[in-house]
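Remarks on the structure that follows.
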Amino acid sequence: MTADVKSKRCIVTGAGSGLGRAMTLGLARAGALVIAADINSSAVEETLAELKGGAGRIVPHRVDLTRVQECENLIASAVREFGGVDVLVNCAGLNMALISRDFLTKLVRFWDVEAEDWQRMFDVNVRAPFMLAKCVAPIMAAQGWGRIINITTSFGTMLREGNTPYGPAKAALEAASAGWAQELEGSGVTCNVLIPGGAADTPMIPPDARIARNKLVPPSAMMSPLIFLASDRSTAVSGIRIVANRWRPDAPDDENMDRAAAPIGWPDLAAASGVPTKGSVAAPGGA
Ligand SMILES: NC(=O)c1ccc[n+]([C@@H]2O[C@H](COP(=O)([O-])OP(=O)(O)OC[C@H]3O[C@@H](n4cnc5c(N)ncnc54)[C@H](O)[C@@H]3O)[C@@H](O)[C@H]2O)c1
17 MTADVKSKRC IVTGAGSGLG RAMTLGLARA GALVIAADIN SSAVEETLAE LKGGAGRIVP
77 HRVDLTRVQE CENLIASAVR EFGGVDVLVN CAGLNMALIS RDFLTKLVRF WDVEAEDWQR
137 MFDVNVRAPF MLAKCVAPIM AAQGWGRIIN ITTSFGTMLR EGNTPYGPAK AALEAASAGW
197 AQELEGSGVT CNVLIPGGAA DTPMIPPDAR IARNKLVPPS AMMSPLIFLA SDRSTAVSGI
257 RIVANRWRPD APDDENMDRA AAPIGWPDLA AASGVPTKGS VAAPGGA
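If you're matching positions, the sequence shown starts at 17 in my numbering and goes up one per residue.
Okay, structure coming up:
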């Protein structure tokens with residue numbers, strides 16, 4: 017596993033907590049060079065402090081992903097630090113706790129959501145991944161190698177009541193990822209989605225939630241599919257979503273792909289609509 021991502025130059029957002037922290041540590045322990053980006057600098061320092069041993073390196077980077085300029089600076093500083101970027105993991109996210117502390121027990125109705133909160137959620141969960149991917153894609157394409165990995169969520173979460181604007185924001189990133197993968201075809205750069213496959217055992221699920229913590233997906237479940245996606249093993253894989261808790265670290269990749277992977281989004285529904293997802297918008301029915 018170590019050889020797969022050794023010296024790969026990575027950026028992980030949301031590196032101060034939960035899944036982002038686990039993925040930052042996992043990549044660095046496997047020998048990657050990781051820019052650990054988060055708005056919470058002290059949390060990233062804790063991530064760094066947890067790295068004991070391992071051939072890789074973690075470089076903390078404070079970023080407020082709601083700011084376009086800071087997104088641009090993040091990519092520029094990664095290029096300055098490492099001379100390029102091989103892997104971008106868009107993991108940082110806000111969830112319904114932004115809207116209500118009681119969101120798990122008391123239904124949030126969309127008409128009670130403030131416009132500013134809708135905007136902040138979309139800025140962190142959708143615009144920031146777009147900005148980072150937009151800035152990094154030309155760099156990766158010039159290298160002829162790159163990986164954009166977007167962390168979305170389960171389809172049920174996207175459609176669930178009481179989940180505006182989290183669900184809609186994740187659906188937007190899911191849809192964007194499908195288009196990006198197609199636009200990157202032939203460039204050597206892939207775009208894929210990775211999800212835990214259920215509520216995960218991170219601070220995003222509040223400690224007082226009435227959920228048995230041992231029923232939650234452990235952040236470590238992200239590692240094996242992440243290393244696969246970040247490595248040469250996934251060169252032919254783009255436009256795919258992987259469900260981490262279905263991926264077995266000890267199984268061969270093709271078996272795992274059969275069990276845990278499917279095309280991003282809702283391609284069956286798209287096909288049934290008769291409106292093409294490929295080619296010019298001027299194609300018949302393409303508006
Ligand atoms: N935890 C789950 O059950 C679950 C399930 C499915 C998908 N996800 C997704 O996985 C990702 C990680 O979730 P998590 O559970 O690790 O969450 P978390 O709350 O533990 O971590 C999120 C991180 O994002 C950072 N962040 C928030 N706003 C930021 C900003 N403006 N700029 C920079 N960083 C910012 C936070 O500081 C935090 O470190 C999210 O995108 C989330 O939507 C989580």
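Backbone N, C-alpha and C fix where the C-beta goes; we use that ideal spot for every residue, glycine too.
Within 8 Å, strictly: CB atoms of residue i and residue j
i: I211; j: A276; result: no
i: R136; j: L120; result: no
i: V129; j: T180; result: yes
i: S11; j: A38; result: Outside the displayed range of the chain (17 to 303) lies residue 11, so it cannot be described from this structure.
i: I167; j: G109; result: yes
i: V124; j: G178; result: yes
i: D102; j: R25; result: yes
i: D80; j: A46; result: no
i: G72; j: A92; result: no
i: W196; j: I164; result: yes
i: T63; j: L41; result: yes
i: M220; j: N111; result: yes
i: E88; j: I51; result: no
i: D217; j: R226; result: no
i: Q198; j: K294; result: yes
Cβ distance (whole Å) where residue i is taken to contact residue j below 8 Å
i: A53; j: T29; result: 5 Å
i: L49; j: L90; result: The Cβ separation is near 15 Å, so there is no contact.
i: N208; j: P145; result: No, N208 and P145 are not in contact; Cβ-Cβ is about 13 Å, not under 8 Å.
i: L104; j: V152; result: 5 Å
i: S240; j: P265; result: 4 Å
Straight-line Cα distance separating residue j from residue i
i: E66; j: I155; result: 30 Å
i: S170; j: G281; result: 10 Å
i: D269; j: R262; result: 12 Å
i: D118; j: A59; result: 24 Å
i: V233; j: G214; result: 6 Å
i: E86; j: D133; result: 20 Å
i: P279; j: A286; result: 12 Å
i: I55; j: L200; result: 29 Å
i: D248; j: G204; result: 11 Å
i: A267; j: M273; result: 10 Å
i: F244; j: V253; result: 10 Å
i: S23; j: A157; result: 18 Å
i: V291; j: A191; result: 15 Å
i: G183; j: V142; result: 11 Å
i: G100; j: P283; result: 33 Å
i: E61; j: S289; result: 48 Å
i: S116; j: K231; result: 23 Å
i: S57; j: R78; result: 6 Å
i: K150; j: F126; result: 30 Å
Status (buried if at least 16 other CB within 10 Å, exposed otherwise) for residue i
i: I27; result: buried
i: T251; result: exposed
i: P76; result: buried
i: G202; result: exposed
i: R257; result: buried
i: L185; result: Looking at the sequence shown, residue 185 is not Leu but Ala. Counting Cβ neighbours within 10 Å, A185 comes out buried, since at least 16 surround it.
i: G162; result: buried
i: L175; result: exposed
i: A194; result: buried
i: G69; result: exposed
i: L187; result: Here residue 187 is Ala; the residue named in the question, Leu, does not match the sequence. Buried, because 16 or more other Cβ atoms sit within 10 Å of the Cβ of A187.
i: A246; result: buried
i: A94; result: buried
i: S33; result: buried
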